[in-house]
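*Asks:*
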Amino acid sequence: MPRSHRNSESILVIGLGRFGGTLALELERLGNEVLGVDADARPVQLYSTRLTKTLQSDTTDAEALRQLGVVDFDHVVVGIGDVEASILTTTELIELGVTDIWAKAVTEAHARILTSVGASHVVRPEHDMGQRVAHRVTGKMIDFIELDTSFALVETVAPASLCGVPLAQANIRQQHDVTVVCIKPVGGSFTYATPDTVIKADDILLVAGQTTSVERFSLLE
4 MPRSHRNSES
14 ILVIGLGRFG
24 GTLALELERL
34 GNEVLGVDAD
44 ARPVQLYSTR
54 LTKTLQSDTT
64 DAEALRQLGV
74 VDFDHVVVGI
84 GDVEASILTT
94 TELIELGVTD
104 IWAKAVTEAH
114 ARILTSVGAS
124 HVVRPEHDMG
134 QRVAHRVTGK
144 MIDFIELDTS
154 FALVETVAPA
164 SLCGVPLAQA
174 NIRQQHDVTV
184 VCIKPVGGSF
194 TYATPDTVIK
204 ADDILLVAGQ
214 TTSVERFSLL
224 E
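In the working numbering, the protein residues as written are 4 to 224.
Structure follows, in structure tokens:
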């Protein structure tokens with residue numbers, strides 16, 4: 004697969020399990036050129052009718068990766084669940100000169116090894132989703148996205164104590180160390196918050212700040 008045109012990117016997804024398969028479908032839906040690869044014939048057959056291009060290949064083998072033309076892709080995703088195969092594939096990709104590798108890790112130790120061998124980005128889908136759900140279960144959060152180790156973006160119900168006054172007068176940043184980025188009224192859509200924005204009951208707020216600060220803010224009544 005040649006390099007992509009300006010408005011799309013070419014992406015090789017290795018491992019067509021739940022994570023890799025779903026990712027490949029969504030990447031293709033977004034208009035990218037996707038090649039889905041798996042060592043097992045079953046997922047390859049399953050996705051052959053859903054993805055434009057699929058192929059069975061043992062990606063722990065350097066020659067097999069060369070035949071796939073891995074260096075010609077804009078991005079390579081390693082979504083293999085088997086730890087050994089994941090590490091071997093990532094290592095071979097790096098040695099072949101692939102510069103942008105997204106690798107899925109199933110454990111913290113796996114993540115450390117993938118990082119140490121040179122993966123550009125390491126993701127832990129189940130771990131990250133567990134964090135998001137935990138924050139939603141224990142407070143008024145609708146969604147929680149940790150952007151860095153200590154900084155997060157939170158979607159939460161507006162606390163009643165801050166309703167009825169413009170944001171400039173509420174002094175939310177000074178008192179709670181968070182920034183209200185967007186606001187969504189009942190039945191409406193998100194719009195950027197301004198100093199003149201007045202929070203109303205049942206508004207949904209998109210709030211950014213240090214993780215501990217946004218967590219405290221989401222608990223306000």
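We treat Cβ as the ideally placed atom computed from N, Cα and C, and that holds for glycine.
None of the values given here were measured: they were computed from a predicted structure.
Can you list, in chain order, the residues of its chain whose CB lies under 6 Å from that of Val80, leaving out five sequence neighbours each side?
*Replies:* As a working mapping, residue 80 is identified with position 77 in the sequence shown. Hits under 6 Å: Val16 and Trp105.
*Asks:* If you draw a straight line from the C-alpha of Ala44 to the C-alpha of Arg219, how long is it?
*Replies:* Position 41 of the sequence shown, counted from the first residue, corresponds to residue 44. Position 216 of the sequence shown, counted from the first residue, corresponds to residue 219. When the Cα atoms are used, Ala44 and Arg219 turn out to be separated by approximately 49 Å.
*Asks:* Please identify the residue among His113, Gln70, Val101 and Gly72 whose C-alpha is closest to the C-alpha of Glu87.
*Replies:* In the sequence shown, counting from the first residue as 1, residue 87 sits at position 84. Nearest of His113, Gln70, Val101 and Gly72 to Glu87, Cα basis: His113.
*Asks:* Please state whether DSSP places Phe220 in a helix, a strand or coil.
*Replies:* Indexing the sequence shown from 1 puts residue 220 at position 217. Note: Phe220 maps to helix in three-state DSSP.
*Asks:* Could you check whether Thr57 and Leu38 sit closer than 9 Å to each other, using their CB atoms as the reference points?
*Replies:* On the sequence shown, residue 38 is found 35 positions in, with the first residue counted as 1. On the sequence shown, residue 57 is found 54 positions in, with the first residue counted as 1. Taking 9 Å as the Cβ cut-off, Leu38 and Thr57 qualify as a contacting pair.
*Asks:* Would you kindly check if the distance between the Cβ of Ile83 and the Cβ of Gly34 is under 9 Å?
*Replies:* Numbered from its first residue, the sequence shown carries residue 34 at position 31. Numbered from its first residue, the sequence shown carries residue 83 at position 80. Not closer than 9 Å, so no.
*Asks:* Measuring only the C-alpha atoms, how far is Glu36 from Leu68?
*Replies:* To locate residue 36, count along the sequence shown from 1; it is residue 33. To locate residue 68, count along the sequence shown from 1; it is residue 65. So the alpha carbons of these two residues sit roughly 18 Å apart.
*Asks:* Count the other CB atoms within 10 Å of the CB of Pro46; is the residue buried (16 or more) or exposed (fewer)?
*Replies:* Taking the first residue of the sequence shown as 1, we reach residue 46 at position 43. Buried, since its Cβ has 16 or more Cβ neighbours within 10 Å.
*Asks:* How about Val74 and Val109: do their beta carbons lie closer than 9 Å?
*Replies:* Here residue 74 refers to the residue found at position 71 of the sequence shown. Here residue 109 refers to the residue found at position 106 of the sequence shown. It is not a contact, given that the beta carbons lie outside the stated cut-off.
*Asks:* How is Ser7 classed by DSSP in three states: helix, strand or coil?
*Replies:* Your numbering for residue 7 matches position 4 in the sequence shown. In this prediction, Ser7 scores a pLDDT of 46, lower than 50, which makes its location untrustworthy; no coordinate-derived value is stated.
*Asks:* Might you give, ordered along the chain, the residues of its own chain that have their beta carbon closer than 6 Å to the beta carbon of Ile148, omitting 5 neighbours on each side?
*Replies:* For the purposes of this step, residue 148 is identified with residue 145 of the sequence shown, where counting begins at 1. So the list reads Leu156, once near-sequence residues are dropped.
*Asks:* For Ala27, is the beta carbon positioned less than 8 Å from some heavy atom of the ligand PLP?
*Replies:* In the structure on display, the ligand PLP does not appear, and there are no ligands present to speak of.
*Asks:* Under the rule that 16 or more other beta-carbon atoms within 10 Å means buried, what is Thr62, buried or exposed?
*Replies:* On the sequence shown, position 59 is the one that residue 62 refers to. Thr62 is buried by the Cβ-count criterion.
*Asks:* Which residues bound the alpha helix (DSSP H) around Glu95?
*Replies:* For the purposes of this step, residue 95 is identified with residue 92 of the sequence shown, where counting begins at 1. Residues Val86 to Glu98.
*Asks:* Mind checking which residues open and close the beta strand (DSSP E) that includes Thr182?
*Replies:* The residue you call residue 182 lines up with position 179 of the sequence shown. Val181 to Lys187 is the extent of the beta strand (DSSP E) around Thr182.
*Asks:* Have a look at Val40 and Asp131 and give me their C-alpha separation to the nearest angstrom.
*Replies:* Against the sequence shown, residue 40 aligns to sequence position 37. Against the sequence shown, residue 131 aligns to sequence position 128. Rounded to the nearest angstrom, the two C-alpha atoms are 25 Å apart.
*Asks:* Which residues in the same chain have their Cβ closer than 7 Å to the Cβ of Pro128, if we skip the five residues on either side of it in sequence?
*Replies:* Counting from 1 along the sequence shown, the entry for residue 128 is found at position 125. Counting only Cβ-Cβ distances below 7 Å, and skipping sequence neighbours, we find Phe22 and Lys107.
*Asks:* State the CB to CB distance for the pair Lys185 and Leu222, rounded to an integer number of angstroms; the pair is presumed to be in contact (CB under 8 Å).
*Replies:* Within the sequence shown, numbered from 1, the residue matching residue 185 stands at position 182. Within the sequence shown, numbered from 1, the residue matching residue 222 stands at position 219. Just to set this straight, residue 185 is Cys in the shown sequence, not Lys. Rounded, the Cβ-Cβ distance is 20 Å, inconsistent with contact.
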